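> Residue numbering for the sequence shown follows UniProt numbering, beginning at 1 and increasing consecutively.
My questions all concern the structure below.
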Amino acid sequence: MDLRVLSRSGPPVGLADGSLTVMSRETGGAEVGLDHLTSLGHNSQTLDTSRRSQTLERKLKRRKCVADNMTVPMGMTYLEARSVKQPTMADYTKRFHEFRAWADLHQLLLMKPEDLDLALVEFLQELFDRERGVNDGVRVVAACKFFLPHIAKGPGTNLPRANRALKGWNLAAPPQQRMPMPLEVMGALVGILMNEFKTNMAIRMFFQFITYLRPGECSSLTVKQLVPPQGMGTQRFNHWAILLHPSEDLIPGKTNIFDASVILDSDPWLGDCLRSMMLGKKPSDALWTDSHAEFRKAFNQGLQTLKLDNLGMTLYATRHGGATHDVLSRRRSLLEVKQHGRWASDNSLKRYVKEARLQTEVAKVPEPIRLYGLHVLQLLPDLLTQARKVPKPPVGISLSAERCRSPRVSWLKIPPGPALKLGLGKGKATREVAYAGSGMDATAAVIVHEDVLPRDRDEPTALAMSPPDPLQHAK
1 MDLRVLSRSG
11 PPVGLADGSL
21 TVMSRETGGA
31 EVGLDHLTSL
41 GHNSQTLDTS
51 RRSQTLERKL
61 KRRKCVADNM
71 TVPMGMTYLE
81 ARSVKQPTMA
91 DYTKRFHEFR
101 AWADLHQLLL
111 MKPEDLDLAL
121 VEFLQELFDR
131 ERGVNDGVRV
141 VAACKFFLPH
151 IAKGPGTNLP
161 RANRALKGWN
171 LAAPPQQRMP
181 MPLEVMGALV
191 GILMNEFKTN
201 MAIRMFFQFI
211 TYLRPGECSS
221 LTVKQLVPPQ
231 GMGTQRFNHW
241 AILLHPSEDL
251 IPGKTNIFDA
261 SVILDSDPWL
271 GDCLRSMMLG
281 KKPSDALWTD
291 SHAEFRKAFN
301 QGLQTLKLDN
311 LGMTLYATRH
321 GGATHDVLSR
331 RRSLLEVKQH
341 GRWASDNSLK
351 RYVKEARLQT
361 EVAKVPEPIR
371 LYGLHVLQLL
381 PDLLTQARKV
391 PKPPVGISLS
401 AERCRSPRVS
411 WLKIPPGPAL
421 KLGLGKGKAT
431 REVAYAGSGM
441 DATAAVIVHE
451 DVLPRDRDEP
461 TALAMSPPDP
471 LQHAK
């Protein structure tokens, strides 16, 4: 009698003469005994346990997200509230309450779509008369559509009068546009930050410009979101990449997209700096050493130092400036810029890429500052990895002595090896500095901090080192 049962590891199992055999795929079809079958079952159980553990971890993270990060309005389920981010929910709630209070004051009913449309038209006109921006009107209409979907988004209705009023408002009082940051201004800011020993911030400024990242996205980067090159003998994964809004974190991007990618394919020398900033950090650690508020403060102070604060630039100008520069310099095609900046439509791209406006902004920058910014960017790879002096700011630009008392940051390009005691010269204190750990490339940048008074301007900003003889260490 030959009984057969199904097996996960191969064809049906046969029971003959009291023995248990299976034709296994892993052994090329050869018969194997009970021990091998038991081993396969154990591996399968281990895999199932691992999967259950990952599922449980994801559920716990999801429950924590529900408990901590979302306020659900009365009459709405969690999933409905989760369709927008918490800041958006708070903004919608505030604006909807403002509109409802106004409607109650004027004894207006909101029972039918046409009633809501009429009330919104009157409310938008009042906001316009108060000299509020068109963005306020857009958000009020969006809030009404969110909280009153059965009225605002019913069959055949789309608030036609309110939408027409918004179009007229946009033409009568166009919203203030963000101006793109010229490349020269970004370079000058990098030079000022490096002269103030804020090397990490200088890299951050350059990084944000070339990646078109939103300021909040850049400031919230963690170590695990930087993906090093994976050569494998092909050209497919030879560049550093940024993984934005990982799905396991359950926090989507501005457009509710998970797992967005940005490839760092324009400045390969930046990889050494990124590797050094990841050195000794856990995957969940922040990539940057300074908070978003500290970086914004240093940015504004840099503009004041350069006497460019009258341009009204914000950190968001780097996203506009990076995209516009790449189009004008032909570093990327329009399609490549659209993909690099993660813009979903051509209309969105047009709001950011402003060639003529960039030329207007460049004309507002004094020529010495323009030349200084270009000079800094030309030397930037060597400034960060070799013993090179940071160029002095143009005549008439004075640095704050107080800000120049910050800890000095030196970037050293050294191979792996044992700990080394560095003497920083001129009688200054020494401290222990470890080489890059195992698993890193042959070269890695290591940061050395030293509290000093404003240094001699002729002193180099980085220390060149001769690598130790590996044979000597072997002895």
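All residues carry an ideal CB built from backbone N, CA and C; glycine is no exception.
Bear in mind the structure is a predicted one, so any value in this text is a computation, not a measurement.
(1) Measuring alpha carbon to alpha carbon, tell me which of Val134, Ala103 and Asp129 ends up nearest Ala119.
(2) Quick test of the definition: if touching needs 3 or more C-beta pairs under 8 Å, does the stretch 179 to 199 touch the stretch 365 to 381?
(3) Would you grab the beta carbon distance between Thr318 and Met181 for me? Rounded to a whole angstrom, and I think it's under 8 Å.
(4) Does Val227 come out as helix, strand or coil in the three-state DSSP assignment?
(5) Could you tell me whether the stretch 241 to 258 touches the stretch 295 to 312, using the rule of 3 or more Cβ pairs below 8 Å?
(6) Within the same chain, show all residues whose beta-carbon is closer than 7 Å to that of Val327, passing over the 5 residues directly before and after it, in chain order.
(7) Is the beta carbon of Trp169 less than 7 Å from the beta carbon of Phe128?
(8) Do you know offhand how far Gln301's Cα is from Gly216's?
(9) Looking only at C-alpha atoms, which of Ile203, Gln386 and Thr211 sits nearest to Arg342?
(10) Judging by CA-CA distance, which residue of Ala172, Arg82, Tyr92 and Gln339 is the nearest neighbour of Val141?
(11) From the DSSP output, which residues share a beta bridge with Ala241?
(12) How big is the Cα-Cα spacing for Pro252 and Asp259?
(13) What's the C-alpha gap between Asn310 and Lys85?
(14) What's the C-alpha gap between Phe237 and Cys144?
(15) Would you kindly check if the distance between the Cβ of Asp117 and the Cβ of Leu109 is under 7 Å?
(16) Does Leu148 have its Cβ less than 7 Å from a Cβ in chain D?
(17) Under a Cβ-count criterion, where at least 16 other Cβ atoms within 10 Å of its own Cβ denotes burial, should Pro87 be classed as buried or exposed?
(18) Which residue wins for smallest C-alpha separation from Arg178, given the options Val395, Thr324 and Thr77?
(19) Excluding the 5 residues preceding and the 5 following Arg357 in the sequence, name in chain order all residues of the same chain whose CB lies nearer than 7 Å to its CB.
(20) Enumerate in chain order the residues of its own chain whose CB-to-CB distance from Ser266 is below 7 Å, with the five nearest sequence positions on each side excluded.
(21) Find out if the Cβ-Cβ distance for the pair Arg298, Met186 is shorter than 7 Å.
(22) So the candidates are Ser284, Glu184 and Leu226; which of them puts its Cα closest to the Cα of Ala363?
(23) Could you check the C-alpha separation between Asp272 and Val262 for me, to the nearest Å?
(24) Check for me: the alpha helix (DSSP H) holding Glu217 runs from which residue to which?
(25) Based on the DSSP secondary-structure assignment, which residues constitute the bridge partners of Thr222?
(26) Taking C-beta to C-beta, are Phe99 and Phe147 nearer than 7 Å?
(27) According to DSSP, is Gly312 part of a helix, a strand, or is it coil?
(28) Starting from the Cα of Leu213, find the closest Cα among Ala172, Trp240 and Gly322 and give me that residue.
(29) Taking all protein chains shown into account, decide if Tyr78 is buried (16 or more other Cβ within 10 angstroms of its Cβ) or exposed.
Quick look at the numbers:
(1) Translated into the one-based positions of the sequence shown, residue 119 becomes position 119. It is Ala103 whose Cα lies nearest to the Cα of Ala119.
(2) The stretch 179 to 199 vs the stretch 365 to 381: in contact.
(3) The residue given as residue 318 occupies position 318 in the sequence shown. The residue given as residue 181 occupies position 181 in the sequence shown. Taking C-beta atoms under 8 Å as the contact rule, Thr318 and Met181 qualify, at a distance of about 5 Å.
(4) For the purposes of this step, residue 227 is taken as the residue at position 227 of the sequence shown. Reduced to three states, the DSSP call for Val227 is strand.
(5) Fewer than three pairs of CB atoms, one per stretch, sit closer than 8 Å, so the stretch 241 to 258 makes no contact with the stretch 295 to 312.
(6) Here residue 327 is taken as the residue at index 327 of the sequence shown, counted from 1. The beta carbon of Val327 sits closer than 7 Å to the beta carbons of Leu334, Val337, Val353 and Glu355 from its chain, once the five residues preceding and following it are set aside; these are given in chain order.
(7) Along the sequence shown, one-based indexing puts residue 169 at 169. Along the sequence shown, one-based indexing puts residue 128 at 128. Yes, Cβ-Cβ distance for Trp169 and Phe128 is below 7 Å.
(8) Here residue 301 refers to the residue found at position 301 when the sequence shown is read from its first residue. Here residue 216 refers to the residue found at position 216 when the sequence shown is read from its first residue. Within the model, the alpha-carbon separation for Gln301 versus Gly216 is close to 19 Å.
(9) As a position in the sequence shown, residue 342 is number 342, starting the count at 1. Arg342 has its Cα closest to that of Thr211, out of Ile203, Gln386 and Thr211.
(10) As a first step, residue 141 is located in the sequence shown; it is residue number 141 there, counting from the start. Sorting Ala172, Arg82, Tyr92 and Gln339 by C-alpha distance to the C-alpha of Val141 places Tyr92 at the top.
(11) The residue given as residue 241 occupies position 241 in the sequence shown. Ala241 is bridged by DSSP to Val227 and Ile263.
(12) Position 252 of the sequence shown, counted from the start, is the residue given in the question as residue 252. Position 259 of the sequence shown, counted from the start, is the residue given in the question as residue 259. When rounded, the distance between both Cα atoms is 8 Å.
(13) Start at 1 with the first residue of the sequence shown, and residue 310 comes out as number 310. Start at 1 with the first residue of the sequence shown, and residue 85 comes out as number 85. Spanning the alpha carbons of Asn310 and Lys85 requires a straight line of approximately 34 Å.
(14) Sequence index remark: in the sequence shown, residue 237 carries index 237 (1-based). Sequence index remark: in the sequence shown, residue 144 carries index 144 (1-based). Straight-line Cα distance between these residues: approximately 46 Å.
(15) Counted from its first residue, the sequence shown places residue 109 at position 109. Counted from its first residue, the sequence shown places residue 117 at position 117. Not in contact: Leu109 and Asp117 (Cβ atoms no closer than 7 Å).
(16) The chain labelled as chain D is not found in the depicted structure, where only one protein chain is given.
(17) Your numbering for residue 87 matches position 87 in the sequence shown. Pro87 counts as exposed, since fewer than 16 other C-beta atoms from the protein chains shown sit within 10 angstroms of its C-beta.
(18) Translated into positions along the sequence shown, residue 178 becomes position 178. The residue among Val395, Thr324 and Thr77 with its C-alpha nearest the C-alpha of Arg178 is Thr324.
(19) Working through the sequence shown from its first residue, we reach residue 357 at position 357. Cβ contact annotation for Arg357 (same chain, cutoff 7 Å, sequence separation greater than five): Met179 and Pro180, in chain order.
(20) As a working note, residue 266 is residue 266 in the sequence shown. Cβ within range, chain order: Ile210 and Arg331.
(21) Residue mapping note: residue 298 aligns to position 298 of the sequence shown, counting from 1. Residue mapping note: residue 186 aligns to position 186 of the sequence shown, counting from 1. Correcting the residue type first, residue 298 is Ala in the shown sequence and not Arg. Taking 7 Å as the cut-off, the Cβ atoms of Ala298 and Met186 do not count as close.
(22) Here residue 363 corresponds to residue number 363 of the sequence shown, with the count starting at 1. When only C-alpha atoms are compared, the closest one is Glu184.
(23) Working through the sequence shown from its first residue, we reach residue 272 at position 272. Working through the sequence shown from its first residue, we reach residue 262 at position 262. Spanning the two alpha carbons is a distance of roughly 18 Å.
(24) On the sequence shown, residue 217 is found 217 positions in, with the first residue counted as 1. Where Glu217 is concerned, the enclosing alpha helix (DSSP H) starts and stops at Pro215 to Ser219.
(25) Position 222 of the sequence shown holds residue 222. Ala286.
(26) Looking up residue 99 in the sequence shown gives position 99. Looking up residue 147 in the sequence shown gives position 147. The answer is no: Cβ separation not under 7 Å.
(27) Position 312 of the sequence shown, counted from the start, is the residue given in the question as residue 312. DSSP places Gly312 in coil when its eight states are reduced to three.
(28) Within the sequence shown, numbered from 1, the residue matching residue 213 stands at position 213. Minimum Cα distance to Leu213 is reached at Gly322.
(29) For the purposes of this step, residue 78 is taken as the residue at position 78 of the sequence shown. Its Cβ having fewer than 16 others within 10 Å, Tyr78 is exposed.
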